[in-house]
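Chemist: Going by the numbering used here, the letters in the sequence shown line up with residues 5 to 396, in that order. Glycine included, every Cβ here is placed at the ideal spot set by N, Cα and C.
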Amino acid sequence: MTRKVALVAGGTTSKWGVYPGTLRDIISEAAKACFDSNPRIKADQIQGFIFCSVFPERSAYQSHTAPWAAECAGVKPNRIFCRVENMCGSGTVGIRTAYTAIASGLADLVMVLGAEKMFVPNPQEIMLNMLTGVDREWEGSTGLTAPVQFALAAQAHMRKYGTTEEQLALVSTKNHLNASRNPYSQFPKPCTVADVLASKPVTSPLKIFDCSSITDGGAAVILAAEELAKELTDNPVYILGTCQAASGFNYANIPDDWADWDVLNQAAQTAYKMAGIKPKDVDVAEVHDCFSISEIIEYEALGFCLKGEGGNFVASGCSDYGGQVVVNPRGGLIGCGHPLGATGVAQAVEVFRQLRNEAGERQVANAKIGLNHNLSGIAEHHVVIYGSKEVL
Ligand SMILES: CC(C)(COP(=O)(O)OP(=O)(O)OC[C@H]1O[C@@H](n2cnc3c(N)ncnc32)[C@H](O)[C@@H]1OP(=O)(O)O)[C@@H](O)C(=O)NCCC(=O)NCCS
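#1: Judging by CA-CA distance, which residue of His385, Ala105, Ile130 and Gln128 is the nearest neighbour of Thr274?
#2: Does the Cβ of Ile397 lie closer than 6 angstroms to at least one heavy atom of ligand 1?
#3: For Gly52 versus Ile99, is the C-beta distance shorter than 7 angstroms?
#4: I'd like to know if the segment 108-124 and the segment 212-228 are in contact, where contact means that at least 3 CB-CB pairs between them fall below 8 angstroms.
#5: Around the Cβ of Gly166, are there at least 16 other Cβ atoms within 10 angstroms (buried) or fewer (exposed)?
#6: Count the C-beta pairs between the segment 336-352 and the segment 292-299 that are closer than 8 angstroms, then say yes if the count reaches three, no if not.
#7: Grouping DSSP H, G and I as helix and E and B as strand, with all else coil, what is Met134?
#8: Can the beta-carbon of Cys38 be found less than 7 angstroms from the beta-carbon of Ser94?
#9: In the DSSP output, what is Pro205 paired with across the bridge?
#10: Please return the same chain residues whose Cβ sits closer than 6 angstroms to the Cβ of Ala350, not counting the five positions on each side in sequence.
#11: Can you name the start and end residues of the beta strand (DSSP E) that Val353 belongs to?
#12: How would you call Asn257, buried or exposed, if buried means at least 16 neighbouring beta carbons within 10 angstroms?
#13: What beta strand (DSSP E) runs, 3 residues minimum, are completely inside the segment 210-247?
#14: Just list the residues that DSSP pairs Ser32 with in beta bridges.
#15: For Thr246 versus Val12, is the C-beta distance shorter than 7 angstroms?
#16: When we look at the beta-carbon of Leu310 and count the other beta-carbons within 10 Å, is it buried (16 or more) or exposed?
#17: Are at least three pairs of beta-carbons, each pair with one atom in the segment 18-30 and one in the segment 187-207, less than 8 angstroms apart?
#18: Kindly identify the DSSP beta-bridge partner or partners of Glu289.
#19: Comparing the CB of Ala157 with every heavy atom of ligand 1, is any distance shorter than 6 angstroms?
#20: Any beta-carbon of chain B closer than 7 angstroms to the one on Leu27?
#21: For the segment 139-152 against the segment 199-213, do three or more pairs of beta-carbon atoms, one drawn from each stretch, fall closer than 8 angstroms, so that the two count as touching?
#22: Using the three-state DSSP reduction, which class does Met115 fall into: helix, strand or coil?
#23: Where does Thr69 land, buried or exposed, given buried means 16+ other C-beta within 10 angstroms?
#24: Work out the CA separation of Asp266 and Arg44 for me, nearest whole Å.
#25: By Cβ distance, which residues of its chain are closer than 8 angstroms to Tyr390, with the 5 residues on each side in sequence left out?
#26: Consult DSSP for Thr177 and reduce its assignment to one of helix, strand or coil.
#27: Sorry if obvious, but does the Cβ on Ala64 come closer than 6 angstroms to a heavy atom of ligand 1?
#28: What first and last residue would you give for the beta strand (DSSP E) that runs through Phe317?
#29: For the alpha helix (DSSP H) containing Ile106, name the first residue and the last one.
#30: The beta strand (DSSP E) that contains Ile54, what's its start and end?
#31: Do Ile301 and Phe154 have their CB atoms nearer than 7 angstroms?
#32: Kindly indicate the opening and closing residues of the beta strand (DSSP E) around Thr69.
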């Protein structure tokens, strides 16, 4: 049995950045925002709870987190509950877990909640926490953190395709401008290309405005089986297709050219096929711009443009309002922030709002098909394609 599955509710904590409370408070606020978005859903109807968080053991000294977080969220799951940890992609993997449970008939109504408290008092501790996400013996011990890995990808793309630092900066200016229209974003101040180029160098060619930052935040969605979804909302947002693929973990072992993410292309093509759509059909995309170069390579690997043309794609406005596909309307990870386990869930909340015409001043006109792309490490990709009720 495979059943259709839809998003029926979604919300985020109110302001991302330094959160003035504990991880427990983030979870409670995210769950409340989600329930507030759909008053037809009562907490005692929730049958499943998937908690997405990367290092609660380190930042909140809390393990055994799925039932703990369910209690913080005010739900008592009776069909499925677990924690999902897939580094930065945890939220989307959580949504895929809920999708699988509902599609198979294991549960009818499941909450997916992502929450991360990344700011801890000691900045060195923050860096140590981030180093747990790369290969401990071969990468963490030498300081090969995410900014360095993505800088190497940027250097490869620049060498191979002539991509420029200005084109990288244009991803950042677009996403900061979009973040200025998003009330919960961490960095709502628009910036110019000159600002990006003059911002603090991190690791060549990336500057601080090319990078996502350290963020506390939370987000939650509720997924339902089709029949129940129609009872719970007049505007369900359906999952049309999804795929996940990895080509390696340790940077040195990744077979792809660092400039071309063929494994993302494979995952995307499988998801497009399942959804019965082509890349040109996507109206709005929430993609993983942990660094500006990621978004450029993702345009190519998702099939929005040809290999090597990602820099021109952003420079010609194709990924902006009025262009071919609006990419990262909530400000992306660069503008909105990147609270690891919450990011993929917040991306889904944005697509949910966009496909229901509820995104306010960020609304993409006539958005009917939305895509979420989440990345863990540098070679593990998670893709979900959503459709409004008109396209089902
Ligand atoms: C890039 C990085 C190393 C910078 O750390 P840092 O040198 O300690 O810099 P800070 O966080 O203190 O930021 C410096 C300033 O830039 C600002 N800033 C940082 N990122 C910003 C962004 N994306 N947009 C706008 N401003 C930003 C900060 O607010 C701060 O401003 P202030 O000096 O006025 O307070 C760190 O944020 C990092 O590791 N980011 C990547 C996180 C990561 O790996 N995530 C997983 C990705 S897959």
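Modeler: Quick look at the numbers:
#1: His385
#2: Examination of residue 397 is not possible in this model, given that the chain is present from 5 through 396 alone.
#3: no
#4: Output reads yes: the segment 212-228 touches the segment 108-124.
#5: exposed
#6: yes
#7: helix
#8: no
#9: Paired residues: Lys211.
#10: The residues are Thr16 and Ala223.
#11: Note, Val353: premise wrong, no beta strand (DSSP E); alpha helix (DSSP H) at Thr347 to Leu359.
#12: The residue is exposed, with fewer than 16 neighbouring Cβ atoms inside 10 Å.
#13: 221-229
#14: DSSP output for Ser32 lists no bridge partner at all.
#15: No.
#16: exposed
#17: yes
#18: It should be noted that the sequence gives Ala, not Glu, for residue 289. As DSSP reads the structure, Ala289 sits in a beta bridge with Val331 and Leu375.
#19: No heavy atom of ligand 1 is found nearer than 6 angstroms to the CB of Ala157.
#20: As a matter of chain content, chain B is missing from the structure shown, which is built from one protein chain.
#21: With a cut-off of 8 angstroms, the segment 199-213 and the segment 139-152 count as touching, because enough Cβ pairs lie within range.
#22: strand
#23: If you draw a 10 Å sphere on the C-beta of Thr69, you find 16 or more other C-beta atoms in it, and that means buried.
#24: 43 angstroms
#25: Leu11, Val241, Tyr242, Ile243, Leu244, Ala352, Val355, Phe356, Leu359, Ile373, Gly374, Leu375 and Asn376
#26: helix
#27: no
#28: Per DSSP, Phe317 belongs to no beta strand (DSSP E); it is in the alpha helix (DSSP H), Gly314 to Ala319.
#29: Ser94 to Ala107
#30: Gly52 to Cys56
#31: no
#32: Taken as a continuous stretch (DSSP letters only), Thr69 belongs to no beta strand (DSSP E), being part of the alpha helix (DSSP H) at Thr69 to Ala77.
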